[in-house]
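Reviewing the structure listed below.
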Amino acid sequence: MKKTIGALFLAVTLIATGCASGASDQEAAEEVAKNFDKAVLDYANRAEGEDLKGTEYATERAQKEMKEELLSYYDFVHNVRGRSDLPEVQDVIIKDVYKTKVDGQDGYIINTVVVYNPDRFVFHRNVGLKLISLEGAWKVAYFDFHQHFGEPK
Numbered sequence: 093m094k095k096t097i098g099a100l101f102l103a104v105t106l107i108a109t110g111c112a113s114g115a116s117d118q119e120a121a122e123e124v125a126k127n128f129d130k131a132v133l134d135y136a137n138r139a140e141g142e143d144l145k146g147t148e149y150a151t152e153r154a155q156k157e158m159k160e161e162l163l164s165y166y167d168f169v170h171n172v173r174g175r176s177d178l179p180e181v182q183d184v185i186i187k188d189v190y191k192t193k194v195d196g197q198d199g200y201i202i203n204t205v206v207v208y209n210p211d212r213f214v215f216h217r218n219v220g221l222k223l224i225s226l227e228g229a230w231k232v233a234y235f236d237f238h239q240h241f242g243e244p245k
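Numbering-wise, the sequence shown is residues 93 to 245 according to the working numbering.
This is how it looks when you write it as structure tokens:
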């Protein structure tokens, strides 16, 4: 009887903390995805030029790609909108989460929808992210600021 109660307690504890289902990994990856989108795509209070935020959430390869793709886009946004009244990320909504392999490692595809204030359709709205775990932390390995990634097969 004591073994049954102990086993039941252990099972409930594992489920509640997410350890049994991998839910804690998924929740941590989702949190990184939201933080990445908010940091990278929020234009309020951003200086011009080399002011690239969110690199702490990305792998080195993704950081290089961010610099290539985003710095010219930031300049475009500043030139179109001016230096004041730039949009800020109001919310990031998780649309899809798929457990998958990314570069041979366990990872997640996380598709998000970014909500801006003021709301403008010209800014990146549907974002696809692929995350992997590096040294115990979830990092964005690949991103697509134009569309969501498809469900893995």
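All residues carry an ideal CB built from backbone N, CA and C; glycine is no exception.
Query, Result
"Specify, as a first and last residue, the run of the beta strand (DSSP E) that Asp188 falls within.", "180-194"
"May I ask which residues mark the beginning and end of the beta strand (DSSP E) holding Leu144?", "No beta strand (DSSP E) contains Leu144, which DSSP labels as neither H nor E."
"Output the distance between the C-alpha atoms of Asp134 and Ala150, rounded to the nearest integer angstrom.", "16 Å"
"Pick helix, strand or coil for Phe128, following the three-state DSSP scheme.", "helix"
"So, helix, strand or coil for Asp117, using DSSP?", "helix"
"Give me the Cα-Cα distance between Gln155 and Asn127, rounded to the nearest whole angstrom.", "15 Å"
"Are Tyr190 and Glu243 touching if we call contact CB-CB under 9 Å?", "yes"
"Could you give the C-beta distance for Glu180 and Ala131, rounded to a whole number, given that I count them as a contact under 8 Å?", "Between Ala131 and Glu180 the Cβ distance is about 11 Å, and since that is not below 8 Å, they are no contact."
"I need the DSSP call for Ala233, collapsed to helix, strand or coil.", "strand"
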